[in-house]
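Before any comments, here is the structure.
In the UniProt record's numbering, the protein residues as written are 1 to 347.
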């Protein structure tokens, strides 16, 4: 009996060990590895050293770069090519063609191919693009647009949730405390004044260099531009703009126009009394906006409401013996103020 019981236990334990051996012997599924060219494309797009612009292609806003800039970028940033691993020794043409086959980029062509009046060559960065017929690498006048969606940064995700709160805070500005209103008002006014002064200084310097020296020089970048990096924003000395030389007739024309505008503005400038009136009006508007509060608004509405009184209580009692109408009363009142002559006629 002891032997048979031991054999039964062995038989019962055998299936569990067999299943464990089968599970261990099954091949594990390989983990899907991200394509190296996808990683390479994302790294190149995030790198600000490869200059890129935004344009409209078939009603879609795309980011693109020029074909002649890509080989220069690879020569100056060899660490980016290390991402390709064994294929890091490929040249720029082979890498671009591989990206085209993997649909990570698409070759584009400019829509406007005719010169504008007064221009000697086409724009280096066109605003409107279209898909090129030949999807191969080219250096001369070739543009390549990224086709994949750029990875959103963490700060962009946080800002997308904060913008509704900012809009709500702007709408609730009238109910802020007085001290908070003062801080917000002077902060916004100071920022707006700084931007306006900066634009006026840029315009004045550009106009002076344009008229006197015949050069197109913009100090500081255009703060109204849609796409600009922080390094370009704080750069003081500008880059030389492409274009044909300025004619002396154009410089003389704009000089005369500038002098006329200055004379007209000086002639129609407000005097001291008008300036004081404008300042008082603006001050009153600002004071009303800052001093407004829900309590004052409700109290003012209550004061404007007049109590409703029964009209029969205020009217004096009418003598029942008087049967004349209102017209007869008016006629009698009119006769009281008139004179009668010797013949009895009313004058």
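Idealized CB from N, CA, C, for every residue including glycine.
If distances are taken between C-alpha atoms only, which option among the options comes closest to residue i?
i           : options               : result
residue 137 : 121, 151, 100 and 128 : 100
residue 220 : 202, 127, 116 and 196 : 202
residue 77  : 97, 43 and 56         : 43
residue 73  : 280, 87, 93 and 214   : 93
residue 103 : 75, 116 and 38        : 38
residue 352 : 190, 67, 169 and 120  : Given a span of 1 to 347 for the chain in the structure shown, any question on residue 352 remains unanswerable.
residue 214 : 98, 178, 265 and 254  : 254
residue 291 : 180, 80 and 69        : 180
residue 135 : 218, 257, 67 and 48   : 67
residue 108 : 115, 139 and 85       : 139
residue 86  : 199, 36 and 267       : 36
Distance, Cα to Cα, residue i vs residue j?
i           : j           : result
residue 31  : residue 83  : Residue confidence is low: residue 31 scores 47 on pLDDT, short of 50, so the model does not pin down where it sits. No coordinate-derived value is stated.
residue 432 : residue 196 : For residue 432 there is no data in the structure shown, the boundaries of the chain being 1 and 347.
residue 285 : residue 110 : 51 Å
residue 283 : residue 205 : 33 Å
residue 53  : residue 174 : 41 Å
residue 167 : residue 185 : 16 Å
residue 162 : residue 156 : 10 Å
residue 133 : residue 158 : 41 Å
residue 88  : residue 71  : 13 Å
residue 154 : residue 46  : 14 Å
residue 112 : residue 216 : 24 Å
residue 265 : residue 183 : 34 Å
residue 177 : residue 277 : 28 Å
residue 123 : residue 49  : 21 Å
residue 69  : residue 51  : 8 Å
residue 273 : residue 191 : 29 Å
residue 79  : residue 165 : 42 Å
residue 263 : residue 279 : 24 Å
Just mark residue i as buried or exposed, buried being the case when its beta carbon has 16 or more other beta carbons within 10 Å.
i           : result
residue 323 : For residue 323, the predicted model reports a pLDDT of 47, less than 50, meaning its position is unreliable and no value from the coordinates is stated.
residue 142 : buried
residue 171 : exposed
residue 281 : exposed
residue 106 : buried
residue 96  : buried
residue 40  : buried
residue 145 : buried
residue 188 : exposed
residue 28  : In this prediction, residue 28 has a pLDDT of 49, which is less than 50 and means its spatial position is unreliable; nothing more can be read from the coordinates.
residue 15  : Low confidence applies to residue 15: its pLDDT is 45, below 50, so where it sits in the model is not reliable, and the reading given next is rough at best. The residue is exposed, with fewer than 16 neighbouring Cβ atoms inside 10 Å.
Compare the C-beta of residue i against all C-beta atoms of chain C and say whether one is closer than 8 Å.
i           : result
residue 278 : Here there is only one protein chain, and chain C is not present.
Per DSSP, residue i forms a beta bridge with which residues?
i           : result
residue 61  : 56
residue 348 : Residue 348 lies beyond the stretch modelled for the chain, which goes from 1 to 347, so this question has no answer here.
residue 110 : 129
residue 66  : 143
For residue i, verify whether its CB is less than 7 Å away from any heavy atom of the ligand SAM.
i           : result
residue 152 : Because no ligand of any kind appears in the structure shown, any question about the ligand SAM cannot be addressed here.
Touch test, the segment 47 to 66 against the segment 142 to 154, Cβ-Cβ under 8 Å, three pairs minimum: yes
So, does the segment 122 to 137 touch the segment 48 to 57, judging by three or more C-beta pairs under 8 Å? Flag = yes, the segment 122 to 137 and the segment 48 to 57 touch.
Counting beta carbon pairs with one atom in the segment 242 to 258 and one in the segment 209 to 220, are three or more of them shorter than 8 Å? yes
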